[in-house]
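**Student:** Okay, handing you the structure first.
Numbering (full-length UniProt numbering), first residue to last: 1 to 327.
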């Protein structure tokens, strides 16, 4: 095993240019963990938040990236894994690297025939969508569901899952070229937000004035008022991100009558490691059988991590960005 590995790090918070390659000692596996040769690492907006210092509790120096897929090259005695196993993981800091140490509580096997790129690009976002639409707010058959930014990573997974569960999916996207992605994922109607003069009126028209049962929104401030107004009485608004800014403080009594407002975290902090593993295996089986598809937009080398961050922050990408060590 190599004595050192290349890792993408940041010594200060700031723009994409703070990212650089650092040589670090090759990690050793914990008793209940493994060391993986990284074949692909996913690039996420949350990585850019960490880089900018917007995520509490993440100190400098920062080892960037939290998800990926690869091959086990060393295994602890209590890891339950073997050298040569194909595995994926999520929410493991330092995943933009040639080698990464992964605890078995965040490890899931990759089924035969599934390329590394699929779980590296889809596991975390699929798990987030599964938690939102299958666990926290189970989408019932026939429900009218509004999904914002349906061509984004989580949005596209939510669209696929909601459609799979039999919902009528109304999707919004930011730009015209993303509409086809949402439709292919299973949306029944797609609104391009920048092309609609009155988004609320357009949503009301599509629902016949009845409103939607559930809204899933990862944009935050930009669409909050429109989303809540689109709900039927008894409907549920779920916020899980803030790509368009944090939702400001609200006056509860100013909100529409009889709606539910939920703020949920995609990492499902209340769930046990065993619950995570069961959900990860379910999601992985859906990736394997095609129930969930992963759209890869672009790939980059580790040295190109700053470019990948600039690209994802531009919001012009459609699909997942991956770093491929060794390229």
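Virtual Cβ for every residue (Gly too), placed ideally from N, Cα, C.
#1: Between the C-alpha atoms of residue 297 and residue 316, what's the straight-line distance to the nearest angstrom?
#2: By DSSP, does residue 153 sit in helix, in strand, or in coil?
#3: Under 8 Å between the Cβ atoms of residue 108 and residue 88?
#4: In whole angstroms, what separates the C-alpha of residue 14 from that of residue 177?
#5: Starting from residue 281 and walking both ways along the alpha helix (DSSP H), at which residues does that stretch end?
#6: For residue 147, report the span of its alpha helix (DSSP H) as first-last.
#7: Using 8 Å as the threshold, is the C-beta distance between residue 321 and residue 312 below it?
#8: If I measure Cβ to Cβ from residue 30 and keep anything under 6 Å in the same chain, skipping five residues before and after, which residues do I get?
#9: Runs of 3 residues minimum, wholly inside the region 74-131: which ones carry the beta strand (DSSP E) assignment?
#10: When you compare only the Cα positions, how much space is there between residue 50 and residue 138?
#11: Please confirm whether residue 38 and residue 57 have their CB atoms less than 8 Å apart.
#12: For the alpha helix (DSSP H) holding residue 49, just list the boundary residues, first then last.
#13: If we ignore side chains and look at the alpha-carbon of each, how far apart do residue 120 and residue 145 end up?
#14: Is it the case that the Cβ atoms of residue 185 and residue 168 are separated by a distance below 8 Å?
#15: So for residue 213, helix, strand or coil by DSSP?
#16: Where does residue 331 land, buried or exposed, given buried means 16+ other C-beta within 10 angstroms?
#17: Quick one: which unbroken alpha helix (DSSP H) runs of 4-plus residues sit fully inside the region 153-188? Chain order, please.
#18: Within a Cβ cutoff of 7 Å, which residues of the same chain sit near residue 202, ignoring the five residues on either side of it in sequence?
#19: Rounded to whole angstroms, how far is the Cβ of residue 65 from the Cβ of residue 84, which I believe are closer than 8 Å?
#20: Specify, as a first and last residue, the run of the alpha helix (DSSP H) that residue 195 falls within.
#21: Grab me the residues of residue 105's own chain with a C-beta within less than 6 Å of its C-beta, minus the 5 sequence neighbours each way, in chain order.
#22: Since residue 330 and residue 102 should fall inside the 8 Å C-beta cutoff, what is the C-beta to C-beta distance between them, to a whole number of angstroms?
#23: Among 231, 28 and 221, which one has its Cα closest to the Cα of residue 208?
**Tutor:** Working from what's here:
#1: As a first step, residue 297 is located in the chain shown; it is residue number 297 there, counting from the start. As a first step, residue 316 is located in the chain shown; it is residue number 316 there, counting from the start. Residue 297 and residue 316: Cα-Cα distance of roughly 11 Å.
#2: On the chain shown, residue 153 is found 153 positions in, with the first residue counted as 1. Residue state, collapsed to three classes: helix.
#3: Taking the first residue of the chain shown as 1, we reach residue 108 at position 108. Taking the first residue of the chain shown as 1, we reach residue 88 at position 88. Contact: yes.
#4: As a position in the chain shown, residue 14 is number 14, starting the count at 1. As a position in the chain shown, residue 177 is number 177, starting the count at 1. Going by the C-alpha atoms only, they are around 30 Å apart.
#5: Here residue 281 refers to the residue found at position 281 when the chain shown is read from its first residue. Residues 273-289.
#6: Here the question's residue 147 lines up with position 147 in the chain shown. Taken as a continuous stretch (DSSP letters only), residue 147 belongs to no alpha helix (DSSP H), being part of the beta strand (DSSP E) at 144-147.
#7: Position 321 of the chain shown, counted from the start, is the residue given in the question as residue 321. Position 312 of the chain shown, counted from the start, is the residue given in the question as residue 312. Yes, Cβ-Cβ distance for residue 321 and residue 312 is below 8 Å.
#8: Taking the chain shown and counting its residues from 1, one reaches residue 30 at position 30. 76.
#9: 86-90, 99-103 and 107-109
#10: Residue numbering aside, residue 50 sits at position 50 when the chain shown is read from its first letter. Residue numbering aside, residue 138 sits at position 138 when the chain shown is read from its first letter. If I take the Cα positions, the gap works out to 30 Å.
#11: Along the chain shown, one-based indexing puts residue 38 at 38. Along the chain shown, one-based indexing puts residue 57 at 57. No. Outside cutoff.
#12: Sequence index remark: in the chain shown, residue 49 carries index 49 (1-based). Unbroken alpha helix (DSSP H) run through residue 49: 45-51.
#13: Along the chain shown, read from residue 1 onward, the residue named residue 120 stands at position 120. Along the chain shown, read from residue 1 onward, the residue named residue 145 stands at position 145. Cα to Cα, residue 120 sits roughly 27 Å from residue 145.
#14: Position 185 of the chain shown holds residue 185. Position 168 of the chain shown holds residue 168. Against a cut-off of 8 Å, the Cβ pair of residue 168 and residue 185 comes out as no contact.
#15: Residue mapping note: residue 213 aligns to position 213 of the chain shown, counting from 1. Strand, per DSSP.
#16: The chain is shown from 1 up to 327; residue 331 falls before or after that span and cannot be answered.
#17: 153-164 and 179-185
#18: By one-based count along the chain shown, residue 202 stands at place 202. Cβ within range, chain order: 191 and 196.
#19: Indexing the chain shown from 1 puts residue 65 at position 65. Indexing the chain shown from 1 puts residue 84 at position 84. 23 Å between Cβ atoms; not a contact.
#20: Translated into the one-based positions of the chain shown, residue 195 becomes position 195. First-last for residue 195: undefined, no H or E at that position.
#21: In the chain shown, counting from the first residue as 1, residue 105 sits at position 105. Answer for residue 105: 273, listed in chain order.
#22: Because the chain spans 1 through 327 in this model, residue 330 falls outside it and cannot be assessed.
#23: Working through the chain shown from its first residue, we reach residue 208 at position 208. Measuring from the Cα of residue 208, the nearest candidate turns out to be 231.
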